[in-house]
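Take a look at the structure set out below.
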Amino acid sequence: MKTALAYLHPILQVLVLVIAFAALRLGLALKKYRGRSGIFHNHHEIITRHMQLGYITVAALSGGYILGLISMPWLRDRPPFGSAHFFFATLALMLFLGGAYTGWRMKHGTKRFSDMRDIHGFLAYLAIFVSLGVGVMGFILLP
């Protein structure tokens, strides 16, 4: 049973990354048509869906992060803070949280909207890139 439970964290995190890619795809669609009028009829719907997927991603990644910390000593008999996977997972989570914060700032209005938009995109790209590396680093931790 412990071996089966040890796969719960990685499976959930892969599913969360699929959701993150869906949010990224919508964000790229918004970027593609930025500043063009008359072409983009469902702009508000895409923004709403992008934000929903972003909320789900950040909440689920945060939960998965905690699940990973719990599973290391309980299911794998290893210290939770002693791997590169932990370090880079923390970095990825911070990047996702930074992306969420800049997205929240854009939603609630800011004088530097274009700067926030650029930072938001950069943090999102970097967070997903680091997360893919974290997934590869996690292979050695599997039972």
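Take the sequence shown: its letter number 95 is residue 94 in numbering that gives the first Met the number 0, and every next letter is one higher.
Backbone N, C-alpha and C define an ideal beta-carbon position, used for all residues, glycine too.
Cα-Cα separation between residue i and residue j, rounded to whole angstroms
i, j, result
"L25", "L122", "15 Å"
"F80", "F87", "11 Å"
"L141", "F20", "24 Å"
"L16", "A99", "15 Å"
"Y64", "G134", "12 Å"
"L68", "H107", "33 Å"
"M0", "R75", "12 Å"
"M50", "M136", "29 Å"
Terminal residues of the alpha helix (DSSP H) in which residue i lies
i, result
"T2", "K1 to A5"
"Y54", "H42 to L74"
"R111", "R111 -> no alpha helix (DSSP H), and no H or E assigned at all."
"Y100", "A83 to K106"
Cβ shell of residue i (< 7 Å), same chain only, five flanking positions each side left out
i, result
"I118", "T101"
"R116", "M105"
Own chain partners of residue i with C-beta closer than 6 Å, once the 5 adjacent residues on each side are dropped
i, result
"T109", "M115"
So, do the region 118-135 and the region 86-97 have three or more beta carbon pairs nearer to each other than 8 Å? yes
Do the region 1-8 and the region 39-55 meet, that is, are 3 or more Cβ pairs less than 8 Å apart? Taking 8 Å as the limit for Cβ pairs, the verdict is that the region 39-55 does not touch the region 1-8.
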